[in-house]
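Notes follow once the structure below has been shown.
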Amino acid sequence: MPGHNVGFAVIGVFILWFGWFGFNAGSELAADEFVPFLAMNTLIAAAAGVIGATAIIWLKTGVADVAMAGNGALAGLVSITAPVGTVTPVFALVIGLVGGVIVVFSVLAFDKIKVDDPVGAISVHGTCGIWGTLSIGLFAKYDDAFLGREDAGLIYGGGFDQLAMQFVMVVIVIAWVGITSFILFGALKATLGLRVSEEEEVTGLDVAEHGSSGYGLESVGGG
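In the working numbering, the protein residues as written are 4 to 226.
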């Protein structure tokens, strides 16, 4: 089922993009010299995500899909959130670019197995979140310019310790979310119910739940 308004979706992407500067740079909880660095990494990764997603969907379909480009921006933002303070701008670009590529294949894969995810949220926040978390173990640089620590990611000769730590954390989060979601949504399904009917999906929940159309647009006849 197609989205109802691509323009609104694009505006939403830019609102999120702008808000992410507060999300990443604001997490510093201080107005110091590190804040511009965090904002720069955030911007670079988001832009790289757009490039990666647009390039892949263009190669696969022959068109530069706007919705997928938007998902690419969000993929870059999600991917850089975990490592934003521990990687150089060059690797921020790499992380965002890979995130943009990953999100396309993830969306297509979930569509193929008929997972009901119309906005690609699992791919953007789940798949790219995993990638971003693991990327710390690859590209983290903990020297005096960053966190003043001696260990580092695999690329900087830090070995597999950090990468293994990140992998364990990913597994723990997936297990926690999976178990709690199974319990919560299982209870909702057994009581209130989770899904509306296919007819209500097609008609629109504004009509089914509120008794009126949210737009009231009718086609205009012409020649």
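Don't be surprised by glycine CBs; every beta carbon is placed ideally from N, CA and C.
All values derive from a computational prediction rather than experimental measurement.
Segment contact: the stretch 30-42 against the stretch 71-78, fewer than three CB-CB distances shorter than 8 Å; contact not assigned. Beta-bridge analysis with DSSP links K63 to no other residue. Taking the C-beta atoms as reference points, L96 is found nearer than 7 Å to I47. For F163 and T130, the gap between their C-alpha atoms comes out near 21 Å.
Under the three-state reduction of DSSP output, K117 falls in the coil class, being neither helix nor strand.
Within a 10 Å sphere around the beta-carbon of T45 sit 16 or more other beta-carbons, which makes this residue buried. Between the stretch 159-176 and the stretch 197-207 there are fewer than three inter-stretch CB-CB distances shorter than 8 Å, so the stretches are not counted as touching.
Here the alpha carbons of L197 and F142 stand approximately 41 Å from one another.
Assignment of beta-bridge partners to K144 by DSSP yields A155. Of all C-beta pairs linking the stretch 84-101 to the stretch 115-124, fewer than three are shorter than 8 Å, placing the two stretches out of contact. The C-beta distance from G103 to A56 rounds to 4 Å, short enough to meet the 8 Å contact threshold. The C-alpha of A58 is placed about 10 Å away from the C-alpha of D68. By the beta-carbon neighbour count (other beta carbons within 10 angstroms, threshold 16), V199 is exposed.
By the criterion of a C-beta distance shorter than 6 Å, L80 is surrounded in its chain by W23 and A49, once the five residues flanking it on both sides are discounted. Cβ atoms of G99 and G52 come within 8 Å of each other, at about 4 Å.
According to the DSSP assignment, D164 belongs to the alpha helix (DSSP H) that extends over D164 to A193. For V210, the uninterrupted alpha helix (DSSP H) segment begins and ends at L208 to H213. CA-to-CA, the gap between I158 and A211 works out to about 54 Å. Comparing alpha-carbon positions, the option among G29, A76 and V180 lying closest to G123 turns out to be A76.
The C-alpha of G140 lies about 50 Å from the C-alpha of S216. In the three-state reduction of the DSSP assignment, G25 falls in the helix class, which pools H, G and I.
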